[in-house]
Every structure is written in structure tokens, then in C-alpha cells.
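Heads up, the thing below is written out as C-alpha cells.
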Amino acid sequence: MQDLNDLYQEVILDHNRRPRNYGPLPDATQSAKGHNPLCGDKLTLSLKVEGDRITGISFEGSGCAISKSSASLMTDAVKGHTVDEATELFDKFHQMVTTPIDQPVDEEAVGKLAVLAGVREFPARVKCASLAWHTLKAALTKTTEPAKTE
Amino acid sequence: MTPHVVPAASPVPAPLDVLAVREQFPALHQLVHGKPLAYLDNAATTQKPQVVLDALRHYYERDNANVHRGVHTLSERATASYESARRSVQRFLNARSEREIIFTRNATESINLVARAWGDWQLKPGDEVLITAMEHHSNIVPWQMACARTGAILKVAPIDDRGDVILEEFEKLLTPRTKMLAVVHLSNALGTINPVEDMIAAARRVGATVLIDGSQSVYHMAVDVQALDPDFYVFTGHKVYGPTGIGVLYGRESLLQACPPFLGGGDMISSVTFEKSEWNELPYKFEAGTPNIADAIGLAAAIEFVRGIGFETIGAHESTLLEYATAQLSAVPGLTIIGTARRKASVVSFVMHDLHPHDIGTIVDREGVAIRTGHHCAQPVMDRFGIPATARASLAMYNTTDEIDALVVALDRVRQLLG
Ligand SMILES: Cc1ncc(COP(=O)(O)O)c(C=O)c1O
Chain A
-9 MQDLNDLYQE
1 VILDHNRRPR
11 NYGPLPDATQ
21 SAKGHNPLCG
31 DKLTLSLKVE
41 GDRITGISFE
51 GSGCAISKSS
61 ASLMTDAVKG
71 HTVDEATELF
81 DKFHQMVTTP
91 IDQPVDEEAV
101 GKLAVLAGVR
111 EFPARVKCAS
121 LAWHTLKAAL
131 TKTTEPAKTE
Chain B
4 MTPHVVPAAS
14 PVPAPLDVLA
24 VREQFPALHQ
34 LVHGKPLAYL
44 DNAATTQKPQ
54 VVLDALRHYY
64 ERDNANVHRG
74 VHTLSERATA
84 SYESARRSVQ
94 RFLNARSERE
104 IIFTRNATES
114 INLVARAWGD
124 WQLKPGDEVL
134 ITAMEHHSNI
144 VPWQMACART
154 GAILKVAPID
164 DRGDVILEEF
174 EKLLTPRTKM
184 LAVVHLSNAL
194 GTINPVEDMI
204 AAARRVGATV
214 LIDGSQSVYH
224 MAVDVQALDP
234 DFYVFTGHKV
244 YGPTGIGVLY
254 GRESLLQACP
264 PFLGGGDMIS
274 SVTFEKSEWN
284 ELPYKFEAGT
294 PNIADAIGLA
304 AAIEFVRGIG
314 FETIGAHEST
324 LLEYATAQLS
334 AVPGLTIIGT
344 ARRKASVVSF
354 VMHDLHPHDI
364 GTIVDREGVA
374 IRTGHHCAQP
384 VMDRFGIPAT
394 ARASLAMYNT
404 TDEIDALVVA
414 LDRVRQLLG
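So the sequence lines, in the order shown, correspond to chains A and B. Each residue of the first sequence is one higher than the last, beginning at -9 in this note's numbering. Each residue of the second sequence is one higher than the last, beginning at 4 in this note's numbering.
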């Protein structure tokens, strides 16, 4: 059961129960919708970008514990950061969840987000963890198409 | 004087020897994450009995050749086995003639074949295609595409909170404009068994052609296409204990005769010149190219296996399982069953308060329990019930009450971990 405990760590459960930055963002400058057709997860991400900085961010939607906590952790991680920094973090997060299980993840690079490294043992769940990030990328590039995890 | 009436012996089905049945299915006997596998995802696909595996192996080891094309011995054997498989399917559905049985890849291809060949031929602008709100995507999308090509209009009969078609609404939607009624016999997402006899009779009154999607029914109940009398009946081999890659389209002979072909190529023609080709006779007109010979033979082995046990016996066992699963799952705190139709098969879809089906699926898998989670290729059903997804346990003849207990214990584990 160790792998289940790795997946559903206390931090993840906490973000699932009490998601941060959850709700509408009235003065958003851009937004995007994400959809994981495999499990029906849907999320709307709203951003307020001033200059090159993300000064506001929130999300809404329904999803499993992994996708919800990942979205919650992500909003905390990129809020107040520049668009370039957020894009860099996207790459690091992507790198982490696609690192083979038998190799260590670079915890320093991703900070708190390292709690999601456990999804690597559940290939079907990697998409749940990445949905929010793909949606962020879509919102930053102002793509109007819903982001997909495919 | 009242004649002496001998009461007909009410046929009591022989009880199913579930352990003996399980012995026939090699895949059931394995550990998953160190726990005995409880395979409860039969609506997605069923496991295969040894006789099916043996039939596939025998075909490739001994008889492999192309069909309808050679005079040599192997080709004759392959042709004989392939055509014998068609007769198995004919008997299974009680079709009048083997000319009414067309092999396809799966139910999806069967429906697309009808939507293309029949639809493009018969549908005109303003005509209507009527489906229900509980259709699988494979009985929605081909009709949307056919409507887009022909200018016909797609209509949807609504369902109620139990997951039954609202028959008054259905009857209202059925009008002389309805050219096609396409309905699922047994819903994969809800377990509802539709009153297709009545629906077909209603369609007849307005002159509509009828297609029944039997993908889920053929492994739970006996189907008699002469008694039901639809124009088309489709199913998919892998859900009736057969191989993947083989499906069936039953079509009324006169209609298939009149209908233009779907795909063009070898086998479906009787003569070809550059000016014109003559279509082959039925059923070959609808089977272009080298067919899936091996899997048709495997499907026949599966069908004979099911017939050998008998649907009375299978049905009695599965009703017991459904009753037990419904009672046990209803007792799980916070669990709600989605789909409580008046007539139901052994499919139990459910949601749990505050717990997402995807998390449930992952956790119970670690307990060896395989269930499906998601929208079950029926997104409109999820929308109807206002939920993103469900978890679903779907039970087949080889399942046991112990396996249902294993699911209930695993659900406890879910609540411990996430609750
Ligand atoms: C009711 C129903 N119709 C159609 C299908 C499609 O079957 P296939 O994917 O084998 O074509 C399924 C199976 O998923 C089903 O449950």
C-alpha cells in the first residue's frame, strides 16, 4: 500500500479538501478551460496578468483528488511569479511526472510540487496531475480551444 | 366438461456451477497487486474462456488461409470454419438466414455501416433520426454524422431519474418524419433494459426503420431477432466472451438486398470492369476485403460456450449477483446507485459522496478489484444526472458474491484513505 500512500499524501488530501485559490476571478485578463475526457475532469483557470507578472489566479471545476490538488498547488506556486517563471515551472513539473519511477526526481526544482511525484506509479493518473498545467499553458498563450491532456 | 389441462412444467434453470465456469477462464486466476483479481468490468469487455483461445490457436496452427479465394485444402477449411461461424451467429440471434449476418470489426463499425449505407441512401433533409438519452457514443456520433451529410435531424428521447426512457415523450417524438429509430437494448452506463418490443412496435406504426444496439444484451439474455423483428441488430464480439476485432450486423434480408454497399473492394463484388462492378450476393456485399477470419471463428466458439450453459442459467445467476450487489453497495455509507430502472441487468453504476470515481477506481485496483470509472462513453447520461462520472461494477456469469464483498471492503479502504 506504500504506493497509494505516496499518491494520496497528506498535503494532497489537504489541497483536495480545501483547495486554494478556488472560485471566480472577476478581474481576470485571460482564462482557459481544461478537460480530461478519460475521467470527465473539467476545470476553468482564470489569470490576471499585469505586465509580465501573474498577479491573480484562480480555478473552478470538478475533478478527482489528484487533479484538484494539483490545480490548487499550481495556483499557489505560480501566483506572483512572472510568465516566464511559470512556463519554466511547467517544464519542470512535466519533467518530474514523466521521470521513470526508478529515477529520483529533482525535488529542489519543483519545491512543494514534489508531493505529486507519486503519480508516476499510476500511469493512468499522470494526466490528472498535468491537466491544470496544460490549462495554464493554454491560458498564458491565450488559446481559446479547451486544453486537452492528450 | 372442462378439458383436463396438464400444467406446463415451469422450467427451473439448472443452477450455475460458478467455480466450474471460472475454471474455464484462465485470466480470472491471477493476483493483482498481490490480491486475487475480482474482475468487475465486464460491460467494458469480458474475459475469454479456454475454448475461444483454443479455437484461435487451432485456426492459426492448422487452417490459416484466405477465404472464398482458393481451391487448396487450407483455404477450403478456413472458408468452411468462417461460414460455420456465421451460422453460429445466425442461430444465436435466431435469424432466418445466414445471408442476414454480416461480420464487422465491432458494434461501432456495424452502426457506422448502417448510418453510411442505409443512412446516405434513405435519409433526406427534414427526416428525423430518433435515439434515446442513454445511448453509447457509438450510437450517437454516426447518426450525427449521417444527419450532417443528409440534412436529417437528430432527436433524443429523454430518460427519467431511474434511467428509464420516458415512454410518453418517446411516443411524441415518434412521427411520420422519423425515418430511423436507433436504440440501445441494454444500457452500459445504467443497466436499463429497454422495452424494445414496444418501441419497435411503435416505430412500425410510423413506418420507421429500427436499429437495436445489442452490445450489452447479448451476453446477459437470449435475443431472438425474429420475435423482436428489428431491421438491424448489432453487437460486438468481445463482450460476449469472444475476441476483440469482430462484430456483427444482423440486417433484414430484403433491406440488405436493396441497400447499397458500404466499402468497396475485393470479396464484395461478383464482377469488375473499369466501367462497372456488380455487387456480390449477401452477406458478402457488405464484407469488403479479407475478413477477420480467426476472430469470427473465436466468436463462434464463445457463442457455443454461452449456448452450452444457457441463458436461463446465466440469467438466474446474474440476477442473484445483481440483487446481492445492489443490497451490499446500498449499505455503503455515502454511496448512491445511478440507474434503478424497472428492468435492469447486472450493471451497478454508483457515486460516493465527496469522492471522485477516478480516485475510487485507483484505490480499489490496489485491492485487486477491477471496476470502470468515467463517463462510460455515455457523456449525455452523465450530464442528465449532473455528475462528471460514475464508478461501475458490471457482473458476468463467472462473478461471485465474494467478489462483490471484495469490492465493498475495497470501498471501505477508499474512505479510510480519502474520507
Ligand atoms: C451499449 C454499447 N454500444 C456500443 C458499444 C461499442 O462497442 P465497440 O467499442 O466494441 O464497438 C459498447 C461498448 O463499449 C456499448 O456498451
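Heads up, the beta-carbon is just placed ideally off N, CA and C, and yes, glycines get one too. Being a predicted model, the structure only gives us computed values, none of them experimental.
### Task
With a cut-off of 8 Å on the beta carbons, I'd call Val68/A and Ala76/A a contact; round off their distance for me.
By one-based count along the first sequence, residue 68/A stands at place 78. By one-based count along the first sequence, residue 76/A stands at place 86. That pair is a contact at about 4 Å.
### Query
Counting contacts by CB-CB distance shorter than 8 Å, is Phe49/A in contact with chain B?
Working through the first sequence from its first residue, we reach residue 49/A at position 59. By this cut-off, Phe49/A is not an interface position.
### Query
Taking the C-alpha atoms as reference points, what is the distance between Gly53/A and Leu33/A?
If you number the first sequence from 1, residue 53/A lands on position 63. If you number the first sequence from 1, residue 33/A lands on position 43. About 8 Å.
### Segments of 3+ residues assigned as beta strand (DSSP E) that fall wholly inside the region 153 to 237 of chain B
Complete beta strand (DSSP E) runs here, min 3: 156 to 160, 181 to 187 and 212 to 216.
### Task
In the DSSP assignment, find the unbroken alpha helix (DSSP H) run with Arg418/B in it and report its ends.
On the second sequence, residue 418/B is found 415 positions in, with the first residue counted as 1. For Arg418/B, the uninterrupted alpha helix (DSSP H) segment begins and ends at Thr404 to Leu421.
### Task
Return the residues of the region 168 to 201 of chain B that lie within a Cβ-Cβ distance of less than 7 Å from chain A, sorted by chain order.
Residues of the region 168 to 201 of chain B that bring their beta carbon within less than 7 Å of a beta carbon in chain A are absent altogether.
### Message
Cβ closer than 7 Å: which chain A residues qualify as neighbours of Leu420/B?
### Response
Here residue 420/B refers to the residue found at position 417 when the second sequence is read from its first residue. Here the neighbours are Leu(-6) and Tyr(-2).
### Query
Does DSSP put Tyr(-2)/A in a helix, in a strand, or in coil?
Residue numbering aside, residue -2/A sits at position 8 when the first sequence is read from its first letter. DSSP places Tyr(-2)/A in coil when its eight states are reduced to three.
### Burial state of Leu77/B (16 or more Cβ within 10 Å)
In the second sequence, counting from the first residue as 1, residue 77/B sits at position 74. Label assigned to Leu77/B: exposed.
### Query
Who are the Cβ neighbours of Gln93/B in its own chain at under 6 Å, not counting the five residues just before and after it?
Counting from one through the second sequence, the residue named residue 93/B turns up at place 90. Counting only Cβ-Cβ distances below 6 Å, and skipping sequence neighbours, we find Glu101 and Ile104.
### Task
Taking C-beta pairs closer than 7 Å, name the residues in chain A that His361/B reaches, listed in chain order.
Here residue 361/B corresponds to residue number 358 of the second sequence, with the count starting at 1. Within chain A, the residues Cys29, Cys54 and Cys118 have their CB atoms less than 7 Å from the CB of His361/B, given in chain order.
#### Entry: Proximal chain B residues relative to Arg115/A, where beta-carbon distance stays under 8 Å
Here residue 115/A refers to the residue found at position 125 of the first sequence. Around Arg115/A, the beta-carbon contacts reaching into chain B at under 8 Å are His361 and Thr365.
### Message
Shorter than 7 Å, the distance from the beta carbon of Gln219/B to the closest heavy atom of ligand 1, or not?
### Response
Looking up residue 219/B in the second sequence gives position 216. At least one heavy atom of ligand 1 is found less than 7 Å from the C-beta of Gln219/B.
### Query
In chain B, which residues lie less than 7 Å from Leu3/A when you measure between Cβ atoms?
Taking the first residue of the first sequence as position 1, residue 3/A is located at position 13. Within chain B, the residues near Leu3/A are Leu421.
### Task
Report the three-state DSSP secondary structure of Gln50/B (helix, strand or coil).
In the second sequence, residue 50/B corresponds to position 47, counting from 1. In the structure shown, Gln50/B sits in coil (DSSP, three-state: anything other than H, G, I, E or B).
### Query
Between Asn109/B and Phe238/B, what straight-line distance do the alpha-carbon atoms span, to the nearest angstrom?
Within the second sequence, the letter at position 106 stands for residue 109/B. Within the second sequence, the letter at position 235 stands for residue 238/B. In a straight line, the C-alpha of Asn109/B is about 7 Å away from that of Phe238/B.
### Query
With 16 as the cutoff for other CB atoms within 10 Å, does Tyr63/B come out buried or exposed?
For the purposes of this step, residue 63/B is taken as the residue at position 60 of the second sequence. Exposed is the call here.
### Query
The alpha helix (DSSP H) spanning Ser48/A covers which residue range?
By one-based count along the first sequence, residue 48/A stands at place 58. That residue, Ser48/A, is in no alpha helix (DSSP H); its beta strand (DSSP E) goes Arg43 to Ser52.
### Task
Could you have a look at Lys279/B and say whether DSSP puts it in helix, strand or coil?
Here residue 279/B refers to the residue found at position 276 when the second sequence is read from its first residue. Correct three-state label for Lys279/B: coil.
### Task
Write down the C-beta distance between Val100/A and Phe112/A rounded to the nearest angstrom, noting that I regard them as a contact closer than 8 Å.
By 1-based counting over the first sequence, the position of residue 100/A is 110. By 1-based counting over the first sequence, the position of residue 112/A is 122. Incorrect: roughly 18 Å between the Cβ atoms, too far for contact.
### Message
Any contact between the region 41 to 55 of chain A and the region -4 to 7 of chain A? By contact I mean 3 or more CB pairs, one from each, below 8 Å.
### Response
The region 41 to 55 of chain A, when compared against the region -4 to 7 of chain A, does touch it at the 8 Å Cβ threshold.
### Close Cβ partners of Asn402/B (< 6 Å) along its chain, the five nearest in sequence each way excluded
Along the second sequence, read from residue 1 onward, the residue named residue 402/B stands at position 399. Around Asn402/B: Leu324.
### Message
I'd like to confirm something about Thr111/B: is its beta-carbon nearer than 7 Å to some heavy atom of ligand 1, or not?
### Response
Counting from one through the second sequence, the residue named residue 111/B turns up at place 108. Yes; taking the cut-off as 7 Å, the Cβ of Thr111/B has a heavy atom of ligand 1 nearer than that.
### Task
Taking only the alpha-carbon atoms, compute the straight-line gap between Leu410/B and Arg369/B and give it to the nearest angstrom.
Against the second sequence, residue 410/B aligns to sequence position 407. Against the second sequence, residue 369/B aligns to sequence position 366. Counting only the Cα atoms, Arg369/B lies some 11 Å from Leu410/B.
#### Entry: Segment limits, beta strand (DSSP E) that includes Arg375/B
Stepping through the second sequence from its first residue, residue 375/B is reached at position 372. Per DSSP, Arg375/B belongs to the beta strand (DSSP E) from Arg375 to Gly377.
### Task
Just the C-alpha distance for Ser397/B and Val384/B, rounded to the nearest angstrom, thanks.
By one-based count along the second sequence, residue 397/B stands at place 394. By one-based count along the second sequence, residue 384/B stands at place 381. Ser397/B and Val384/B: Cα-Cα distance of roughly 17 Å.
### Task
Report all residues from its chain with a CB closer than 6 Å to the CB of Thr247/B; omit the five preceding and five following residues, and keep chain order.
Start at 1 with the first residue of the second sequence, and residue 247/B comes out as number 244. So the qualifying residues of the chain are His241.
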